[in-house]
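In the working numbering, the protein residues as written are 1221 to 1524. The next block holds one structure in the form of C-alpha coordinates; read it before the comments.
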Amino acid sequence: MTFDNFEYAQQLKKDLMVMQRWQVLVETLSQAETTADILEVVNKILEFDVHEATILRVASEHWYPSTHWVTLAFAKLSSMASLSETSVVLPQLQKVAELHFAEFPNASFRFTAAPLVAGGYYLEEISQNLRILYWDMSRRRFYLDTDQFAQLVQTEALQLAGLPALKSFQQRLTGIAEQLKELDYDVDVIGIDAKNNLDLTMRGKDLPVDVLDSLFVAAAKQHFVLKSHQGQKTGATLKIGDVTLDIIQNRDDKGHSFWHYDIIDNNQDVTLYSLIQQLPFLAQWYNMWIDQVGLKDHREVFVE
(Lines of atoms letter the chains of each structure in order from A and count residues from 1; the text may use other names and numbers.)
(Lines give C-alpha, C1' and ligand atoms only; values in the text may rest on other atoms or scores of the structure.)
Protein backbone atom coordinates (compact mmCIF):
# COMPACT_ATOMS: atom_id res chain seq x y z
CA MET A 1 0.00 0.00 0.00
CA THR A 2 1.37 3.37 -1.00
CA PHE A 3 1.41 6.14 1.58
CA ASP A 4 -0.08 9.47 0.50
CA ASN A 5 1.64 12.02 2.70
CA PHE A 6 -0.55 14.92 1.52
CA GLU A 7 -3.78 13.03 2.22
CA TYR A 8 -2.49 12.10 5.66
CA ALA A 9 -1.61 15.72 6.40
CA GLN A 10 -5.08 16.87 5.34
CA GLN A 11 -6.73 14.31 7.61
CA LEU A 12 -4.55 15.40 10.52
CA LYS A 13 -5.59 18.98 9.85
CA LYS A 14 -9.25 17.98 9.92
CA ASP A 15 -8.77 16.03 13.15
CA LEU A 16 -6.95 18.91 14.80
CA MET A 17 -9.88 21.18 13.95
CA VAL A 18 -12.21 18.69 15.63
CA MET A 19 -9.99 18.63 18.71
CA GLN A 20 -9.83 22.42 18.75
CA ARG A 21 -13.62 22.61 18.81
CA TRP A 22 -13.60 20.10 21.68
CA GLN A 23 -11.00 22.13 23.59
CA VAL A 24 -13.10 25.28 23.23
CA LEU A 25 -16.15 23.52 24.69
CA VAL A 26 -14.24 22.16 27.68
CA GLU A 27 -12.67 25.54 28.38
CA THR A 28 -16.05 27.26 28.05
CA LEU A 29 -17.53 24.92 30.66
CA SER A 30 -14.74 25.80 33.08
CA GLN A 31 -15.48 29.51 32.62
CA ALA A 32 -19.30 29.42 32.54
CA GLU A 33 -20.86 31.33 35.43
CA THR A 34 -24.62 31.25 34.84
CA THR A 35 -27.03 28.32 34.91
CA ALA A 36 -28.06 28.91 31.31
CA ASP A 37 -24.45 29.04 30.08
CA ILE A 38 -23.47 25.91 32.03
CA LEU A 39 -26.38 23.92 30.62
CA GLU A 40 -25.83 25.17 27.08
CA VAL A 41 -22.20 24.14 26.97
CA VAL A 42 -22.63 20.78 28.73
CA ASN A 43 -25.36 19.90 26.23
CA LYS A 44 -22.94 20.69 23.41
CA ILE A 45 -20.31 18.52 25.08
CA LEU A 46 -22.75 15.62 25.39
CA GLU A 47 -23.75 15.97 21.74
CA PHE A 48 -20.19 16.27 20.47
CA ASP A 49 -19.09 13.36 18.29
CA VAL A 50 -15.41 12.87 19.03
CA HIS A 51 -15.27 10.16 16.38
CA GLU A 52 -15.40 12.80 13.69
CA ALA A 53 -11.66 12.50 14.19
CA THR A 54 -10.46 9.49 12.22
CA ILE A 55 -6.72 9.53 12.91
CA LEU A 56 -6.60 11.07 16.37
CA ARG A 57 -8.82 8.44 17.92
CA VAL A 58 -8.63 9.12 21.59
CA ALA A 59 -7.67 6.20 23.81
CA SER A 60 -6.16 8.21 26.60
CA GLU A 61 -6.19 8.41 30.38
CA HIS A 62 -7.26 12.01 29.86
CA TRP A 63 -10.43 11.17 27.95
CA TYR A 64 -13.65 11.06 29.96
CA PRO A 65 -17.20 9.75 29.40
CA SER A 66 -20.36 11.85 29.36
CA THR A 67 -21.05 11.21 33.05
CA HIS A 68 -17.83 13.03 33.92
CA TRP A 69 -19.01 16.23 32.22
CA VAL A 70 -22.47 15.97 33.76
CA THR A 71 -20.73 15.77 37.14
CA LEU A 72 -18.71 18.91 36.46
CA ALA A 73 -21.80 20.82 35.35
CA PHE A 74 -23.72 19.72 38.44
CA ALA A 75 -20.80 20.76 40.66
CA LYS A 76 -20.95 24.27 39.24
CA LEU A 77 -24.70 24.49 39.84
CA SER A 78 -24.16 23.10 43.33
CA SER A 79 -21.57 25.76 44.16
CA MET A 80 -23.98 28.45 43.00
CA ALA A 81 -26.79 27.01 45.13
CA SER A 82 -25.01 26.54 48.46
CA LEU A 83 -22.58 28.31 50.75
CA SER A 84 -21.13 24.92 51.67
CA GLU A 85 -18.20 23.78 49.55
CA THR A 86 -18.55 21.36 46.64
CA SER A 87 -15.41 19.41 45.72
CA VAL A 88 -14.77 17.50 42.50
CA VAL A 89 -12.37 14.60 42.99
CA LEU A 90 -11.06 12.21 40.34
CA PRO A 91 -10.00 8.98 42.07
CA GLN A 92 -6.86 7.30 40.79
CA LEU A 93 -7.48 5.06 37.76
CA GLN A 94 -11.09 6.25 37.52
CA LYS A 95 -12.72 7.95 34.53
CA VAL A 96 -15.63 9.68 36.27
CA ALA A 97 -15.25 12.41 38.86
CA GLU A 98 -16.85 12.15 42.29
CA LEU A 99 -18.69 14.89 44.14
CA HIS A 100 -17.99 15.63 47.78
CA PHE A 101 -20.24 18.03 49.68
CA ALA A 102 -18.81 19.73 52.76
CA GLU A 103 -21.84 18.91 54.90
CA PHE A 104 -21.37 15.15 54.34
CA PRO A 105 -17.64 14.40 54.73
CA ASN A 106 -18.23 10.63 54.86
CA ALA A 107 -20.31 10.41 51.67
CA SER A 108 -19.30 10.54 48.00
CA PHE A 109 -21.54 10.98 44.97
CA ARG A 110 -21.27 10.37 41.24
CA PHE A 111 -23.43 10.39 38.13
CA THR A 112 -24.28 7.24 36.20
CA ALA A 113 -26.14 6.91 32.93
CA ALA A 114 -29.78 5.90 33.38
CA PRO A 115 -31.13 3.02 31.25
CA LEU A 116 -32.14 4.02 27.72
CA VAL A 117 -35.82 3.64 28.55
CA ALA A 118 -35.46 6.48 31.07
CA GLY A 119 -32.72 8.54 29.44
CA GLY A 120 -30.71 11.07 31.41
CA TYR A 121 -28.50 10.45 34.42
CA TYR A 122 -28.76 9.41 38.06
CA LEU A 123 -26.89 11.04 40.92
CA GLU A 124 -25.88 8.24 43.29
CA GLU A 125 -24.27 7.96 46.70
CA ILE A 126 -21.38 5.62 46.01
CA SER A 127 -20.86 3.56 49.15
CA GLN A 128 -24.55 2.71 49.57
CA ASN A 129 -25.34 2.65 45.84
CA LEU A 130 -28.41 4.81 46.40
CA ARG A 131 -29.94 7.04 43.74
CA ILE A 132 -30.61 10.58 44.87
CA LEU A 133 -32.09 12.15 41.79
CA TYR A 134 -32.60 12.00 38.04
CA TRP A 135 -31.36 14.66 35.61
CA ASP A 136 -32.24 14.71 31.93
CA MET A 137 -30.89 17.80 30.18
CA SER A 138 -32.25 17.00 26.73
CA ARG A 139 -35.84 16.75 27.99
CA ARG A 140 -35.37 19.25 30.83
CA ARG A 141 -36.35 17.03 33.74
CA PHE A 142 -35.05 17.03 37.31
CA TYR A 143 -36.67 14.61 39.77
CA LEU A 144 -35.92 13.40 43.29
CA ASP A 145 -35.98 9.65 43.97
CA THR A 146 -38.05 9.85 47.14
CA ASP A 147 -37.63 6.17 48.01
CA GLN A 148 -33.86 6.11 47.94
CA PHE A 149 -33.45 9.59 49.39
CA ALA A 150 -35.42 8.37 52.41
CA GLN A 151 -33.00 5.43 52.62
CA LEU A 152 -30.04 7.79 52.31
CA VAL A 153 -31.03 9.88 55.33
CA GLN A 154 -31.07 6.69 57.41
CA THR A 155 -27.50 5.66 56.49
CA GLU A 156 -24.73 5.87 59.06
CA ALA A 157 -22.86 8.57 57.14
CA LEU A 158 -25.83 10.92 57.19
CA GLN A 159 -26.84 10.00 60.72
CA LEU A 160 -23.33 10.90 61.90
CA ALA A 161 -23.46 14.21 60.04
CA GLY A 162 -26.70 15.08 61.85
CA LEU A 163 -29.74 17.23 61.16
CA PRO A 164 -27.86 20.48 60.36
CA ALA A 165 -26.00 18.66 57.58
CA LEU A 166 -29.21 17.21 56.17
CA LYS A 167 -30.78 20.67 56.25
CA SER A 168 -27.81 22.08 54.32
CA PHE A 169 -27.93 19.25 51.76
CA GLN A 170 -31.67 19.66 51.19
CA GLN A 171 -31.20 23.41 50.74
CA ARG A 172 -28.44 22.70 48.22
CA LEU A 173 -30.66 20.42 46.12
CA THR A 174 -33.59 22.82 46.43
CA GLY A 175 -31.37 25.66 45.21
CA ILE A 176 -30.30 23.66 42.16
CA ALA A 177 -33.94 22.77 41.45
CA GLU A 178 -34.89 26.45 41.60
CA GLN A 179 -32.14 27.35 39.13
CA LEU A 180 -33.40 24.74 36.69
CA LYS A 181 -37.03 25.71 37.16
CA GLU A 182 -36.19 29.22 35.99
CA LEU A 183 -35.08 27.62 32.71
CA ASP A 184 -38.42 25.83 32.21
CA TYR A 185 -37.33 22.47 33.59
CA ASP A 186 -39.97 20.06 34.86
CA VAL A 187 -38.83 19.89 38.49
CA ASP A 188 -40.12 17.59 41.24
CA VAL A 189 -38.10 17.43 44.46
CA ILE A 190 -41.04 16.81 46.77
CA GLY A 191 -40.32 16.77 50.47
CA ILE A 192 -36.89 18.43 50.68
CA ASP A 193 -37.99 22.08 50.77
CA ALA A 194 -38.75 23.13 54.35
CA LYS A 195 -40.60 26.17 52.99
CA ASN A 196 -42.97 24.01 50.95
CA ASN A 197 -44.21 21.41 53.42
CA LEU A 198 -47.93 21.20 52.72
CA ASP A 199 -49.85 18.78 50.51
CA LEU A 200 -47.02 16.25 50.25
CA THR A 201 -48.98 13.57 48.43
CA MET A 202 -48.60 9.87 49.21
CA ARG A 203 -48.52 7.51 46.24
CA GLY A 204 -51.07 5.04 47.62
CA LYS A 205 -54.83 5.38 47.48
CA ASP A 206 -57.47 3.79 49.72
CA LEU A 207 -54.92 2.95 52.41
CA PRO A 208 -55.57 -0.24 54.38
CA VAL A 209 -56.61 0.36 57.99
CA ASP A 210 -53.44 -1.42 59.12
CA VAL A 211 -51.26 1.40 57.80
CA LEU A 212 -52.33 4.07 60.28
CA ASP A 213 -52.99 1.55 63.03
CA SER A 214 -49.38 0.40 62.89
CA LEU A 215 -48.17 4.01 63.23
CA PHE A 216 -50.39 4.52 66.31
CA VAL A 217 -48.79 1.46 67.91
CA ALA A 218 -45.21 2.34 66.91
CA ALA A 219 -45.55 5.92 68.18
CA ALA A 220 -47.03 4.80 71.51
CA LYS A 221 -44.13 2.41 72.11
CA GLN A 222 -41.76 5.39 71.88
CA HIS A 223 -43.99 7.56 74.11
CA PHE A 224 -45.31 9.71 71.27
CA VAL A 225 -49.04 10.28 70.99
CA LEU A 226 -50.61 10.01 67.55
CA LYS A 227 -54.09 11.51 67.73
CA SER A 228 -56.99 11.01 65.34
CA HIS A 229 -58.35 14.14 63.72
CA GLN A 230 -61.68 15.38 64.96
CA GLY A 231 -64.38 17.16 62.98
CA GLN A 232 -64.18 17.54 59.21
CA LYS A 233 -60.61 16.26 58.86
CA THR A 234 -59.91 12.55 58.58
CA GLY A 235 -56.48 11.28 59.51
CA ALA A 236 -54.04 11.72 62.36
CA THR A 237 -51.64 14.22 63.88
CA LEU A 238 -48.32 13.78 65.64
CA LYS A 239 -46.59 16.44 67.75
CA ILE A 240 -42.79 16.41 67.86
CA GLY A 241 -41.80 19.34 70.04
CA ASP A 242 -42.85 22.50 68.21
CA VAL A 243 -43.44 20.60 64.96
CA THR A 244 -46.71 19.00 63.89
CA LEU A 245 -46.97 16.17 61.36
CA ASP A 246 -50.48 15.85 59.94
CA ILE A 247 -51.54 12.84 57.89
CA ILE A 248 -54.72 13.82 56.09
CA GLN A 249 -57.23 11.90 53.98
CA ASN A 250 -58.90 13.44 50.92
CA ARG A 251 -61.38 12.15 48.35
CA ASP A 252 -61.12 12.37 44.59
CA ASP A 253 -64.10 12.81 42.25
CA LYS A 254 -64.47 9.01 41.98
CA GLY A 255 -64.74 8.58 45.72
CA HIS A 256 -61.28 7.09 46.20
CA SER A 257 -59.31 8.28 49.19
CA PHE A 258 -55.85 9.73 48.78
CA TRP A 259 -53.58 11.00 51.49
CA HIS A 260 -51.02 13.68 52.08
CA TYR A 261 -48.63 14.95 54.74
CA ASP A 262 -48.64 18.48 56.14
CA ILE A 263 -45.68 19.53 58.26
CA ILE A 264 -46.34 22.57 60.41
CA ASP A 265 -43.07 24.16 61.49
CA ASN A 266 -42.97 27.89 62.15
CA ASN A 267 -39.18 27.90 61.90
CA GLN A 268 -39.26 26.21 58.47
CA ASP A 269 -36.38 23.93 59.43
CA VAL A 270 -38.00 20.50 59.38
CA THR A 271 -38.92 18.27 56.44
CA LEU A 272 -40.41 14.80 56.24
CA TYR A 273 -36.91 13.46 55.61
CA SER A 274 -35.47 15.11 58.70
CA LEU A 275 -38.30 13.56 60.74
CA ILE A 276 -37.46 10.17 59.21
CA GLN A 277 -33.81 10.70 60.15
CA GLN A 278 -34.69 11.80 63.68
CA LEU A 279 -37.44 9.30 64.57
CA PRO A 280 -36.57 5.61 64.05
CA PHE A 281 -40.17 4.47 64.61
CA LEU A 282 -41.37 6.81 61.84
CA ALA A 283 -38.59 5.59 59.54
CA GLN A 284 -39.49 1.95 60.17
CA TRP A 285 -43.17 2.64 59.48
CA TYR A 286 -42.33 4.59 56.31
CA ASN A 287 -40.07 1.79 55.06
CA MET A 288 -42.62 -0.92 55.83
CA TRP A 289 -45.47 0.78 53.99
CA ILE A 290 -43.50 2.72 51.40
CA ASP A 291 -45.65 1.61 48.45
CA GLN A 292 -48.60 3.27 50.17
CA VAL A 293 -47.15 6.11 52.26
CA GLY A 294 -44.05 6.96 50.21
CA LEU A 295 -44.10 10.38 48.62
CA LYS A 296 -45.50 10.38 45.11
CA ASP A 297 -42.72 10.92 42.60
CA HIS A 298 -41.81 10.03 39.01
CA ARG A 299 -41.21 6.32 39.53
CA GLU A 300 -41.30 5.76 35.76
CA VAL A 301 -37.78 7.18 35.34
CA PHE A 302 -36.25 5.28 38.25
CA VAL A 303 -35.67 2.02 36.45
CA GLU A 304 -34.13 -0.88 38.35
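Idealized CB from N, CA, C, for every residue including glycine. All values derive from a computational prediction rather than experimental measurement.
Asked                                                                                                                                                                      : Found
Just how far apart, CA to CA, sit Thr1375 and Trp1283?                                                                                                                     : 34 Å
Does the structure place the region 1387 to 1399 close enough to the region 1295 to 1311 that three or more beta carbon pairs sit under 8 Å?                               : yes
On the three-pair Cβ rule with 8 Å, is the region 1377 to 1392 touching the region 1304 to 1324?                                                                           : yes
State the start and end residues of the unbroken alpha helix (DSSP H) segment that holds Ser1494.                                                                          : 1492 to 1498
Out of curiosity, what's the CA-to-CA distance linking Phe1331 and Asn1225?                                                                                                : 43 Å
Would you please state the rounded distance, in angstroms, between the beta carbons of Gln1525 and Thr1454? I believe it to be under 8 Å.                                  : With the chain running from 1221 to 1524 in the structure shown, residue 1525 is simply not present.
Kindly confirm or deny that the region 1512 to 1523 and the region 1420 to 1435 touch, where touching means at least three C-beta pairs closer than 8 Å.                   : yes
Quick check: what's the CA-CA separation for Ala1438 versus Phe1444?                                                                                                       : 9 Å
DSSP three-state call for Gln1488: helix, strand or coil?                                                                                                                  : coil
Could you give the DSSP three-state label for His1288: helix, strand or coil?                                                                                              : helix
Excluding the five sequence neighbours on either side, which residues of its own chain have a C-beta within less than 7 Å of the C-beta of Val1407, listed in chain order? : Phe1362, Ala1397, Leu1400, Lys1401
Going by DSSP, what residue range makes up the alpha helix (DSSP H) through Met1357?                                                                                       : Met1357 -> no alpha helix (DSSP H), and no H or E assigned at all.
Please give me, in chain order, every unbroken run of the beta strand (DSSP E) with length at least 3 that falls completely inside the region 1323 to 1352.                : 1329 to 1333, 1341 to 1345
By alpha-carbon positions, which one of Leu1427, Asp1482, Met1357 ends up nearest to Lys1264?                                                                              : Met1357
From the DSSP output, in three-state form, read off Phe1362 for me.                                                                                                        : strand
Arg1351 to Val1523, Cα distance in whole Å?                                                                                                                                : 11 Å
May I ask you to report which of helix, strand or coil DSSP gives Thr1421?                                                                                                 : strand
How would you label Ala1229, buried or exposed, when you count the other beta carbons within 10 angstroms and need 16 or more for buried?                                  : exposed
Helix, strand or coil for Lys1447 per DSSP?                                                                                                                                : strand
Alpha carbons only, please: which of Leu1364, Glu1345, Arg1359 is nearest the one belonging to Leu1353?                                                                    : Leu1364
From what residue to what residue does the alpha helix (DSSP H) around Ala1229 run?                                                                                        : 1225 to 1251
Mind checking which residues open and close the alpha helix (DSSP H) that includes Ser1304?                                                                                : Counting along the chain, Ser1304 falls outside any alpha helix (DSSP H), and DSSP gives it neither H nor E.
Report the residue from Ser1307, Leu1427, Thr1287 whose alpha carbon sits nearest the alpha carbon of Lys1296.                                                             : Ser1307
Let me know the secondary structure DSSP gives Leu1465 once reduced to three states.                                                                                       : strand
Just verifying my parser: in three-state terms, what is the DSSP assignment at Leu1403?                                                                                    : coil
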